[in-house]
Every structure is written in structure tokens, then in C-alpha cells.
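Residue numbers (this note's numbering): 7 to 185.
Put into C-alpha cells, the structure is as follows:
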């Protein structure tokens with residue numbers, strides 16, 4: 007899933023007093039989550055609702071969008087945090103590959119799905135905004151990542167890469183190498 011803030015800066019969110027009804031409702035109205043699987047979206051909704059109970063805050067009905075982030079009309083925002091799905095090129099349905107190749111110039115060669123997520127996320131950032139993904143590091147090394155590397159180098163400021171290849175940041179087994 008992905009979430010992003012439409013209007014508040016990361017600093018404003020960090021400084022927010024969640025015990026304040028104004029801050030918590032204002033903050034939640036600036037959040038959007040995208041999840042393509044309706045069952046996972048329902049579990050996410052339950053988890054967030056449970057966490058918000060201690061603040062007596064209710065989950066906005068439109069917070070979680072059951073939609074494909076890549077084909078959705080996503081508004082511009084100033085912070086995107088996500089864990090793009092690691093779907094190998096050969097496991098992406100052919101009809102989706104055609105759509106993604108037409109939509110994302112960095113989705114080429116044998117690109118895995120997360121490449122398109124990078125381009126979409128980067129293109130939805132307002133000036134001076136941030137994107138943070140946990141994903142495979144293969145785009146840093148393989149031919150299919152060359153266009154993305156060039157795009158980032160030309161248009162963005164890469165602040166940091168944290169290489170987690172030798173660690174396991176997930177509870178479940180992951181066969182990708184997160185960076």
C-alpha cells in the first residue's frame with residue numbers, strides 16, 4: 007500500500023498533536039492510502055481504526071482507496087511513502103505491461119513492476135517534496151533500471167539509499183533484495 011500527504015509538510019505532520027481533534031481530523035483529511043486488494047484494504051482500515059481509537063478519532067470513509075495506484079488519478083502531494091509490490095516482469099499480465107509501457111517511460115526492457123511505482127510517485131511530488139520507498143535494489147544494477155536512474159539523476163535530488171540486502175526488515179520471508 008501507499009500513502010501520501012496532499013497538503014501538509016512532513017514537519018507539520020511530525021509536530022502535530024494527535025490529541026487535538028482539529029489536528030487529527032485535518033491530518034487524516036490530507037492522507038490517502040492506495041491498495042489494490044480489497045481484502046487487504048479492509049484489514050488496513052481495521053488496523054488504522056484500532057490505532058485511532060485511543061485518540062477518539064474516526065477513520066474518514068475515503069482514506070483508503072481500493073485502486074491501482076499506477077492507473078489512478080492521484081493528486082500532487084508533498085510526501086509519498088510506500089512499499090511497491092515486487093512483481094517480476096514475467097509475472098505482470100501482458101495487458102498491464104502494455105498500459106505501463108505507454109504510461110511510464112522508465113518501464114522498459116524487463117522492468118519489474120516497482121519501476122513504474124517510482125516514476126508515478128516521483129511525478130506526483132510537488133517541488134521540494136519527498137518520496138520514500140522500500141523496494142528491491144536491482145534497479146540500481148540492472149539494465150531495466152538505467153532509464154529510472156537517469157530520470158532521477160536529471161530531475162531529482164537523491165538524499166539517501168539505505169541498503170538492507172544483508173538484513174531482514176520484514177516479518178515474512180521476502181525473496182527480493184530491498185534497498
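Beta carbons: idealized from backbone N, C-alpha and C, even for Gly.
Remember, predicted model here, so these are calculated numbers, not experimental data.
Let's test the definition: count the other Cβ atoms within 10 Å of the Cβ of residue 115 and tell me whether it reaches 16, buried, or not, exposed.
exposed
Unbroken alpha helix (DSSP H) run spanning residue 127, endpoints:
120 to 129
Label residue 109 either buried or exposed according to how many other C-beta atoms from any shown protein chain fall within 10 Å of its C-beta, with 16 as the threshold for buried.
exposed
Would you be able to state if there are at least three C-beta pairs under 8 Å between the segment 140 to 150 and the segment 120 to 128?
yes
On the criterion of 16 or more Cβ atoms from any shown chain inside 10 Å, does residue 117 qualify as buried, or is it exposed?
buried
Residue span of the beta strand (DSSP E) that contains residue 38, given as start and end
37 to 41
Tell me residue 54's beta-bridge partners as DSSP assigns them.
In DSSP, residue 54 forms no bridge with anything.
If you measure between the beta carbons of residue 134 and residue 88, is that distance less than 8 Å?
no
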